[in-house]
Amino acid sequence: VCARRTSRRAMDTDSTTAAAISRSALSFCSVGDAWFEGGRANVLSLSRSQRSFAQKSKVNTVVSYWLDGDDQENVLSSFPVPVKNIKATVRRSEGGIVAMLVEVPGKEGSKAEQRVQVFKEGVLVTDEDVSTVVKSFSPSAFFQRCQISSDGRKVVFVGEPAGGDVVDFCSEKIINGKGEGEVLKKAPEPKFEWRDHMGEQLDTTILPQIFCLDVAERNCTCLSAGMKEKGTACGQPCLAEDGTVYFVGWPEETPTLRLGLLYCINRASTIFKTTTDKTGQIEVVTDEYAATSPIVSPDGHTLLYQVAREEPFHNYAVELKEKSIEGGNEESTLVPVVDNASQGEFPGLFITRDRLLSEPFLGESWVVAETAWHCEKAVIAIRRCDGNIRRLFSSRIGAGSISILARAEIEKKRRYRFALKHSTPLSPGIIFVCDVVVDGDNIQEERLLKVADLGGEAAVDGEWCTLWTHIEREDVKESCYDVQSLLIQPRERNSSDPLPCVVMAHGGPHSAYPAEFVPFTAAFVKAGFAVVATNFRGSVGYGQEFVRSLPKHCGDLDVNDVLFVAKQLVEEGKIDKEKLVLCGGSHGGFITLHAIGQHPSMFKAAIARNPVTCIPQMVGVTDIWDWCFVEAGLPFSKNSVLDAEGADAMFRASPVHYVKNVETPTLLLIGGKDKRVPSSQGLSYYRALRAAGQAKAELHFYPEAQHPLNDTVEIEVDSATRAIIWAQRGVHQA
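Per UniProt numbering, the sequence shown starts with residue 1, numbered consecutively.
What follows is the structure, given as structure tokens:
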């Protein structure tokens, strides 16, 4: 009895400490929207979000900073101002015009109101309810791009169309879009007809369209109504000064098939144009395979956009193109695809956000973009005349990842001010302001001002570096290649002995582990672990051929790259061979479970978050079932049907194929509303693992969680805490 009580108290202490570490790692501020104000852009406002652990929710505020002088001591900040229910905003510096998309919660079970509000010089001039035509504003930055004309008369945005009339066979009435009953007079829509949504984290989005509110006439119309009838989803509108609206349309693959869009740039899409007047016709602008992110140049002469070549896998390098708007079809490629890139070389344009920057033009000679440059997120300037690439800000700010929060023109076509966020594996984010001067074909950085540190106690007292490892294999196309890894370690140690280590595998697989703050990783370092994260073959940011090399080798090439780096660090005495933990989510979970099945004695614990476990079981269930074919090395088309031969190939590429070998204690963290890797994947593997009976297994199920397991503060804290406890128990029992 005494022994049990001691064990229970020890477990409680571990839980308390682990939970405190998780809360600490999650306590930073994140930044959503940002904008400059004032005639010289001397005020920076940030829309910030921070977790309240007491309320188990996020607190959203706006904080403004007065940029007076050249050092942080002269930066003054306002009190945080709480904000809520704002879905999107857009600002025009000329005239002080602001438009907001606001969702007002309904009372006593009634529907929420969708309202468009317009302010001029801080005064509300329009507050229009558009709920009769708009069911909801698109919540996703992938689709949404709110735009307002320079005179404030037209607001263009993305929303879900209000529902039509549906039949209620029980009452012999129809229910119209307002939810009221009336006598059946016309043919209604089928109430329960299945319409596929847009996939993971877009499951409330069925068929988004482009809308325009005419402020003067108080009239809201759907500009893309003709596209709706064709089953084409629309988004990313760009409103030009002449009233032309450019937007992207994603067609339905077939009447019964729509593949998920999030993180998948290989979905076919077309750029269209129309106008904000009532007679606007819809025309095709470019019919390249996957064209997105249309942006009109300030002079109105050029359309900038990105194009993804047709590839079977989901994420890869894109081309940056521009097209003449006035007459002819003249177009040019500013940034082509780069097939191979050595260490330090520009690897091609790998977009790190949902779309291009909304204001990418600097003068007439340059455009700016963000890209994955090896493991770092970088800001680059592209010279339009010759495609020359220049990396911005990194040499002055330092290693890590940099993203643009806001941009303002403070001297026409010459001087620009940028708000930047700099993040590293140890720091959640520091806000900088930097001025950039454009002089013809030259570009120069000037004043750099540190504005704010978003980290607080979330920052990690540690050290990090990048490593390149040379790997040689005879059974793959490229027999010799280099992979890059991040090594993150706590600064303080109890001894000079090698550290226990969590080996992290990223998801995708065509993504990358970034040199930026990841709370889950930071929590492990705060708990005393070293962390090594390898960007295995197939990762983005290293050239197109590096991405192409993985399909057909999943479960082999990716697994071996991750383990090879870990073994190398063991040989170098940097991490403890007897205290290794393997962790990954999604495809990283796939790698994790493959590794413990193929190498049963290497790891003391394994943690898998929403892992792929049995590929053939995902076909027709996941929102990306093309992935099941492609990554298993099988051809995929819109008419693909799984047969016995294909199912066998998929099964042999799956972790469950090795489940009987597993000896490693395994923790599974599963989201009940995951559309990308359905929860049945983790649940079925857990049952198989328990049936095999060789390994301790534990599963935590979060009914309301989607794929990232970050839907609520409670889910974030609980999943991180469970992972820390599991890892500590594994290495302490070694």
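Glycine included, every Cβ here is placed at the ideal spot set by N, Cα and C.
Per the coordinates, the alpha-carbon of Ser496 lies some 36 Å from the alpha-carbon of Leu709. Counting along the chain, the unbroken beta strand (DSSP E) around Met100 starts and ends at Ile97 to Val104. Of the other Cβ atoms in all chains shown, fewer than 16 fall within 10 Å of the Cβ of Glu121; this residue is therefore exposed. Counting only the Cα atoms, Leu667 lies some 53 Å from Leu124.
Here the segment 627 to 645 makes no contact with the segment 319 to 335; the two share fewer than three CB pairs at distances below 8 Å. The beta carbon of Gly646 sits closer than 6 Å to those of Leu634, all from its chain and outside the five residues before and after it, given in chain order.
Less than 8 Å divides the Cβ of Ile382 from the Cβ of Val335. CA-CA distance, Arg40 to Gln681, rounds to 55 Å. From the listed residues Asp626, Arg690 and Ile402, the smallest Cα separation to Cys375 is found for Ile402.
Contact between the segment 365 to 373 and the segment 428 to 445 is present, with at least three C-beta pairs closer than 8 Å. With fewer than 16 other Cβ atoms from the protein chains shown falling within 10 Å of its own Cβ, Thr132 counts as exposed.
Pairwise C-beta distances place the segment 681 to 696 in contact with the segment 643 to 659, as three or more of them are shorter than 8 Å. Residues Ala25 and Leu26 of the same chain have their beta carbon placed closer than 6 Å to that of Pro519, with the five preceding and five following residues left out of the count. Relative to Ile670, the option among Ser45, Val713, Ser719 and Leu642 whose CA is nearest is Ser719. Glu113 and Phe211 have their C-alpha atoms spaced approximately 16 Å apart.
Counting C-beta pairs with one atom in each stretch, the segment 454 to 461 and the segment 18 to 37 have three or more that are closer than 8 Å, which means they touch. Ser93 is the residue among Gln209, Ser93, Leu76 and Ser136 whose C-alpha sits nearest the C-alpha of Ala406. The C-beta separation of Leu356 from Ala369 comes to about 6 Å, placing the pair in contact by the 8 Å criterion. Counting along the chain, Val717 sits inside the alpha helix (DSSP H) bounded by residues Val713 to His732. Within its own chain, the residues whose Cβ lies closer than 8 Å to the Cβ of Ser684, once the five positions on either side in sequence are excluded, are Thr613, Cys614, Gln617 and Val656, listed in chain order.
When rounded, the separation of the alpha-carbon atoms in Ile591 and Gly538 is 13 Å. By the C-beta density criterion, Gln55 is exposed, having fewer than 16 other C-beta atoms within 10 angstroms. Secondary structure at Glu193: coil, using DSSP grouped into helix, strand and coil. By the Cβ-count criterion, Asp626 is buried, with 16 or more other Cβ atoms from all chains shown falling within 10 Å of its own Cβ. Per DSSP, the continuous beta strand (DSSP E) segment holding Tyr65 begins and ends at Ser57 to Leu67. Contact between the segment 413 to 427 and the segment 387 to 402 is established, with three or more Cβ pairs separated by less than 8 Å. Under the three-state reduction of DSSP output, Tyr685 falls in the helix class.
The Cβ atoms of Pro251 and Gly231 lie closer than 8 Å to each other. Beta-bridge annotation (DSSP): Gly588 is not paired with any residue.
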